[in-house]
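Peer 1: Residue numbers (my numbering), protein chains in the order written: chain F, 168 to 377; chain H, 168 to 377.
Let me begin by handing over the structure; questions about it come next.
Protein chains: 2
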Amino acid sequence: MKLHGYFRSSASYRVRIALNLKGLSTEHLPHHLRNGEQRAPTYLAINPQGLVPTLEDDAGTVLTQSLAIIEWLDETHPTPPLLPKDPLRRAKVRAFAQALACDTHPVQNLKVLARLRQLGLAEEKVTEWAAWANREGLSACETLIAGEPGPFCFGSAPTLADLCLVPQLANARRFGVDVAAYPRLLQAEAAAKEIKAFADAAPDKQPDAE
Amino acid sequence: MKLHGYFRSSASYRVRIALNLKGLSTEHLPHHLRNGEQRAPTYLAINPQGLVPTLEDDAGTVLTQSLAIIEWLDETHPTPPLLPKDPLRRAKVRAFAQALACDTHPVQNLKVLARLRQLGLAEEKVTEWAAWANREGLSACETLIAGEPGPFCFGSAPTLADLCLVPQLANARRFGVDVAAYPRLLQAEAAAKEIKAFADAAPDKQPDAE
Numbered sequence: 168m169k170l171h172g173y174f175r176s177s178a179s180y181r182v183r184i185a186l187n188l189k190g191l192s193t194e195h196l197p198h199h200l201r202n203g204e205q206r207a208p209t210y211l212a213i214n215p216q217g218l219v220p221t222l223e224d225d226a227g228t229v230l231t232q233s234l235a236i237i238e239w240l241d242e243t244h245p246t247p248p249l250l251p252k253d254p255l256r257r258a259k260v261r262a263f264a265q266a267l268a269c270d271t272h273p274v275q276n277l278k279v280l281a282r283l284r285q286l287g288l289a290e291e292k293v294t295e296w297a298a299w300a301n302r303e304g305l306s307a308c309e310t311l312i313a314g315e316p317g318p319f320c321f322g323s324a325p326t327l328a329d330l331c332l333v334p335q336l337a338n339a340r341r342f343g344v345d346v347a348a349y350p351r352l353l354q355a356e357a358a359a360k361e362i363k364a365f366a367d368a369a370p371d372k373q374p375d376a377e
Numbered sequence: 168m169k170l171h172g173y174f175r176s177s178a179s180y181r182v183r184i185a186l187n188l189k190g191l192s193t194e195h196l197p198h199h200l201r202n203g204e205q206r207a208p209t210y211l212a213i214n215p216q217g218l219v220p221t222l223e224d225d226a227g228t229v230l231t232q233s234l235a236i237i238e239w240l241d242e243t244h245p246t247p248p249l250l251p252k253d254p255l256r257r258a259k260v261r262a263f264a265q266a267l268a269c270d271t272h273p274v275q276n277l278k279v280l281a282r283l284r285q286l287g288l289a290e291e292k293v294t295e296w297a298a299w300a301n302r303e304g305l306s307a308c309e310t311l312i313a314g315e316p317g318p319f320c321f322g323s324a325p326t327l328a329d330l331c332l333v334p335q336l337a338n339a340r341r342f343g344v345d346v347a348a349y350p351r352l353l354q355a356e357a358a359a360k361e362i363k364a365f366a367d368a369a370p371d372k373q374p375d376a377e
C-alpha cells in the first residue's frame with residue numbers, strides 16, 4: 168500500500184498511527200503542502216479535494232479522508248480493534264474523534280489559515296484563530312472523557328479517539344495553546360506515546376520532516 | 168428519544184433524515200442558535216461543544232456529533248441500511264460524507280462566521296468565505312461520484328452521503344453558490360427529495376422554522 172501524506176499533516180499522522188498499530192507497512196509518498204504539491208493535477212486526479220492523506224492499496228484502489236481510511240483499516244484488519252464492539256461505546260469514541268476531526272482540525276488547517284491571510288489578517292491574528300479553534304475543541308474533549316477510565320481516552324487500550332487526540336495536541340502546542348489546561352487529555356497522550364506505533368508515526372520521524 | 172436541534176442546522180437536518188428513514192419518532196427540542204441558546208449551562212452539560220444536534224435516548228443516554236449519531240442509528244436499527252456492506256464501498260460513502268461534514272460545513276458554520284465578523288470582516292466578505300467553503304467541498308464531491316451509478320450519490324438507494332449532501336446544498340444556495348455547476352449532485356438531491364423522509368426533515372417543515 169502507498170500512503171500519500173505530509174509529515175506535519177495531523178490527518179496523515181492519524182492514519183500513520185493506525186497503520187502502525189495494525190502492523191501494516193506502506194510506502195510513504197510525501198506531498199509538500201506548503202509548496203502546493205497537493206494541488207498538482209496528478210494528485211487531484213486521485214484526491215479531488217487536494218488534501219492528504221490518500222491511501223492506495225495494491226490493486227490501485229484509492230481511499231480518501233482519514234476517518235474513513237481508519238474505519239476501513241479497522242474493518243479489514245480487525246486486530247487490534249480501534250473501536251469498541253458496543254454500539255453506544257462506538258458512538259462515544261466516534262463523537263470524540265469527530266469533535267477534533269470535524270470541528271477543530273479543518274477550521275485551523277493550512278488551507279483555512281492561508282485564506283485568512285489572503286483576507287489581510289495579520290500573522291498574530293491568524294495564529295490566534297488557530298489557537299482558538301484548538302482550545303474550543305480540546306476543552307470540549309476534556310469534558311467528554313472526564314468520567315471515562317484511563318489511561319487512554321476510553322479505557323485501557325487506544326481507540327480512534329487517541330489517534331485523533333495525539334496529532335491535535337501537537338497542533339495545539341505549535342499554535343501556542345497552554346495544553347496544561349487539559350490534564351485528562353495529557354494523561355491519554357502520555358499513555359499513547361509509550362506505544363511504539365504512536366512514537367514511530369510522529370512528524371519528526373517521517374522521511375520528509377524538516 | 169429527544170433530538171436537540173435547530174431547524175436550519177445542517178448537522179441536525181442530517182440526523183432528522185436518518186431518524187425519518189429508520190421510522191423513528193422523536194421529540195424535537197429546538198435551541199435557537201442565533202440567540203445563543205446552545206451556550207446555556209443546562210445544554211453545555213449534555214453537549215460540551217455547545218453544538219447541535221444531541222440525541223437523548225429513553226434511558227437518558229446522550230449522543231453527540233451527527234455522523235456518530237447516524238452510525239449508531241444504523242448499527243442499532245439496521246433497516247434500511249445507510250451504509251453499504253462492503254468495506255471498500257463503506258469507505259467511499261464515508262469519505263464523501265466527511266468531505267462535507269469535516270471539511271466543508273464546520274468551516275462555514277455559524278460559530279466560524281461569527282468569529283470572522285468579530286475580526287472585523289465586512290458582511291459580503293463573510294458570505295464570500297461561506298460560499299468559498301461550499302464550492303470547495305461540493306466541487307470535490309461532484310468529482311468523487313462522477314463514475315458512480317445514480318440516481319443517489321452511490322446507487323439506487325440513499326446512504327449517509329445523501330444525508331450530508333442535501334443539507335449542504337441548502338447551505339450553498341443560502342450563501343449564493345451557483346449549484347448548477349454540480350449536475351451529478353443535483354441528480355442525487357432530486358432523487359432524495361422524492362422521498363418523504365427527506366422532505367419531512369427540511370428546515371421549513373420544522374416547528375422552530377422562522
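The beta-carbon is built from N, C-alpha and C at its ideal position, and this holds for glycine as well.
Remember, it's a predicted structure, so these values are computed and weren't measured experimentally.
(1) In chain order, what are the residue ranges of uninterrupted alpha helix (DSSP H) at least 4 long that sit wholly in the segment 169 to 225 of chain H?
(2) Checking contacts by CB at 9 Å: is residue 326/H closer than that to chain F?
(3) Roughly how many whole angstroms lie between the Cα atoms of residue 291/H and residue 203/H?
(4) I'd like to know whether the C-beta atoms of residue 275/F and residue 266/H end up nearer to each other than 9 Å.
(5) Using a threshold of 9 Å, state whether the C-beta atoms of residue 178/F and residue 241/F are closer than that.
(6) Chain F partners of residue 307/H, CB-CB under 7 Å?
(7) Under three-state DSSP, which class holds residue 246/H?
(8) Is the segment 190 to 199 of chain H touching the segment 367 to 374 of chain H, taking contact as three or more C-beta pairs under 8 Å?
(9) Got a sec: which bits of the segment 241 to 257 of chain H sit with their beta carbon under 8 Å from any beta carbon on chain F, in order along the chain?
(10) Listing by chain order, which chain F residues have their CB less than 8 Å from the CB of residue 310/H?
(11) Would residue 273/H pass as a contact of residue 269/F if the rule is Cβ separation under 9 Å?
(12) Got a sec: which bits of the segment 255 to 274 of chain F sit with their beta carbon under 9 Å from any beta carbon on chain H, in order along the chain?
(13) Label residue 323/H either buried or exposed according to how many other C-beta atoms from any shown protein chain fall within 10 Å of its C-beta, with 16 as the threshold for buried.
(14) Kindly list the residues whose CB is nearer than 7 Å to the CB of residue 313/F, restricted to its own chain and excluding five residues on each side of it in sequence; keep chain order.
(15) Would residue 230/H count as contacting chain F if we go by Cβ distances under 9 Å?
(16) Quick check on residue 382/F: buried or exposed, where buried means 16 or more other Cβ atoms within 10 Å of its Cβ?
(17) In three-state DSSP terms, what is residue 344/F?
Peer 2: In this structure, then:
(1) Entirely contained in the segment 169 to 225 of chain H, the alpha helix (DSSP H) runs reaching 4 residues are, in chain order, 177 to 188 and 208 to 211.
(2) No, because no Cβ of chain F sits closer than 9 Å to the Cβ of residue 326/H.
(3) So the two alpha carbons sit approximately 23 Å from each other.
(4) Taking 9 Å as the Cβ cut-off, residue 275/F and residue 266/H do not qualify as a contacting pair.
(5) No. Outside cutoff.
(6) Those within 7 Å of residue 307/H in chain F are 215 and 216.
(7) Residue 246/H falls in the coil class under three-state DSSP.
(8) The segment 190 to 199 of chain H vs the segment 367 to 374 of chain H: in contact.
(9) Within the segment 241 to 257 of chain H, the residues whose Cβ lies closer than 8 Å to some Cβ of chain F are 242, 243, 254, 255 and 257, listed in chain order.
(10) The contacting residues are 215.
(11) The Cβ atoms of residue 273/H and residue 269/F sit closer than 9 Å to each other.
(12) Shown in chain order are the members of the segment 255 to 274 of chain F whose Cβ falls below 9 Å from a Cβ of chain H: 255, 257, 258, 259, 260, 261, 262, 263, 264, 265, 266, 268, 269, 270, 271, 272, 273 and 274.
(13) By the 10 Å Cβ count, residue 323/H comes out exposed.
(14) In its chain, beyond the 5 residues on either side, 351 have a beta carbon closer than 7 Å to the beta carbon of residue 313/F.
(15) The beta carbon of residue 230/H sits closer than 9 Å to some beta carbon of chain F.
(16) In the structure displayed, chain F extends from 168 to 377; residue 382/F sits before or after that span and is not available.
(17) In this structure, DSSP gives residue 344/F a state outside helix and strand, which the three-state scheme calls coil.
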